[in-house]
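J.:
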Amino acid sequence: TRSTPKKFRRRTITRTSDGIGDIFRFWALSSLAFTGPNVTGTRNVVMFSCTGKIKPIHYISTDAVFPNGMKNCSEDDNIEDNHTELNDGYSQSKWVAEQLISRAGQKGLPVVIYRLGNMSGDRKQAFWNPQDFTLLVLQACAKYGYAPDVDWNMEMTPVDFAAEFIVRCTFNLSTILGKTYHIINDQPLHSSSPGPKGQVSFSHHFASGIRRPASVVVRRR
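Note that the UniProt record's numbering has the sequence shown beginning at 1, numbered continuously upward.
#1: Quick check: the Cα distance between G108 and R168, rounded to an integer number of angstroms?
#2: Assess, as a yes-or-no matter, whether the stretch 97 to 108 is touched by the stretch 147 to 159 under the definition of 3 or more beta carbon pairs within less than 8 Å.
#3: Can you grab the Cα-Cα spacing for the pair A64 / V96, in whole Å?
#4: Can you tell me where the beta strand (DSSP E) holding V111 begins and where it ends?
#5: Within 10 Å of its beta-carbon, does L136 have 16 or more other beta-carbons around it, so buried, or fewer, so exposed?
#6: Considering only C-alpha positions, which residue in the set F127, S191, F133 and I184 is nearest to V150?
#7: What three-state label does DSSP hand Y144 in the structure shown?
#8: When you compare each of V45, L138 and S120 to I54 by their alpha carbons, which one comes out closest?
#9: Let me make sure I understand the geometry here. Which of V111, N118, Q125 and F165 has the alpha-carbon closest to that of Q187?
#10: Check whether the Cβ atoms of I183 and Y90 sit closer than 8 Å, and answer yes or no.
#11: Among F165, Y144, L116 and I60, which one has its Cα closest to the Cα of C73?
#12: By Cβ distance, which residues of its chain are closer than 7 Å to E85, with the 5 residues on each side in sequence left out?
#13: When burial is assigned at 16 or more other CB atoms within 10 Å of the CB, is S174 buried or exposed?
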């Protein structure tokens, strides 16, 4: 008997689900359509995790679930009341998605949450998202020799460091399930900071030091 498309999709999903060990849920590109990829997509991932055998979810969240400018954010902080202070669609949708993951964990689903800061280029080749705002600012500073006269703390976490940490966590599931991790550089660079060889311009500092490894600390509860 020939299967209908709907039955075929259901069988395919079930068969695929049984062969998967862990699920990694990453954020979507910043765009105006956040609800679909961030909220609906996360809900679908939770449902898929429960299809067939139970599969752990490694959810990649963001420090944007905290209000802009909030100090001393901790993995142990309750973010349930933060939504009233989130002013953009990306932060709001990521907050909702993280709540879905947290509540799934409370109901017994094995989940881990990783909150990332600003991802920068990797430590060896400095490969970077070419559309990243921080990179575009630094490139403009290096090109024109001018920097914005602003009071900025620029936090940058090497993408390879974050990726390696998350992958290593999959080897120790029994010790990390149900936890939240912040993978965020705790030594942000201020826009007025001197360069490594003395007092130099903001743009000169980054033009000469953009490939230097960042000092990154992983804080965990």
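No residue lacks a Cβ here, since even glycine has one placed at the ideal position from N, Cα and C.
Predicted model only: the values in this text are computed from it and were never measured.
T.: Here's the rundown:
#1: As a working note, residue 108 is residue 108 in the sequence shown. As a working note, residue 168 is residue 168 in the sequence shown. G108 and R168: Cα-Cα distance of roughly 23 Å.
#2: With the cut-off at 8 Å, the stretch 147 to 159 and the stretch 97 to 108 do not touch.
#3: As a position in the sequence shown, residue 64 is number 64, starting the count at 1. As a position in the sequence shown, residue 96 is number 96, starting the count at 1. Taking the straight line joining both Cα atoms gives about 12 Å.
#4: Start at 1 with the first residue of the sequence shown, and residue 111 comes out as number 111. Taken as a continuous stretch (DSSP letters only), the beta strand (DSSP E) holding V111 covers V111 to L116.
#5: Indexing the sequence shown from 1 puts residue 136 at position 136. Looking at its Cβ environment, which holds fewer than 16 other Cβ atoms inside 10 Å, L136 is exposed.
#6: For the purposes of this step, residue 150 is taken as residue 150 along the sequence shown, with counting starting at 1. Checking every option, the nearest Cα to that of V150 belongs to S191.
#7: Start at 1 with the first residue of the sequence shown, and residue 144 comes out as number 144. Y144: helix per DSSP, three-state reduction.
#8: Looking up residue 54 in the sequence shown gives position 54. Closest option to I54, judged by alpha-carbon separation, among V45, L138 and S120: V45.
#9: Translated into positions along the sequence shown, residue 187 becomes position 187. Looking at V111, N118, Q125 and F165, the one whose alpha-carbon comes closest to that of Q187 is N118.
#10: On the sequence shown, residue 183 is found 183 positions in, with the first residue counted as 1. On the sequence shown, residue 90 is found 90 positions in, with the first residue counted as 1. At a Cβ-Cβ threshold of 8 Å, I183 and Y90 do not count as neighbours.
#11: Along the sequence shown, read from residue 1 onward, the residue named residue 73 stands at position 73. The shortest Cα separation from C73 among F165, Y144, L116 and I60 belongs to L116.
#12: As a position in the sequence shown, residue 85 is number 85, starting the count at 1. Within the same chain, E85 has close Cβ partners P67.
#13: As a working note, residue 174 is residue 174 in the sequence shown. Per the 10 Å Cβ criterion, exposed.
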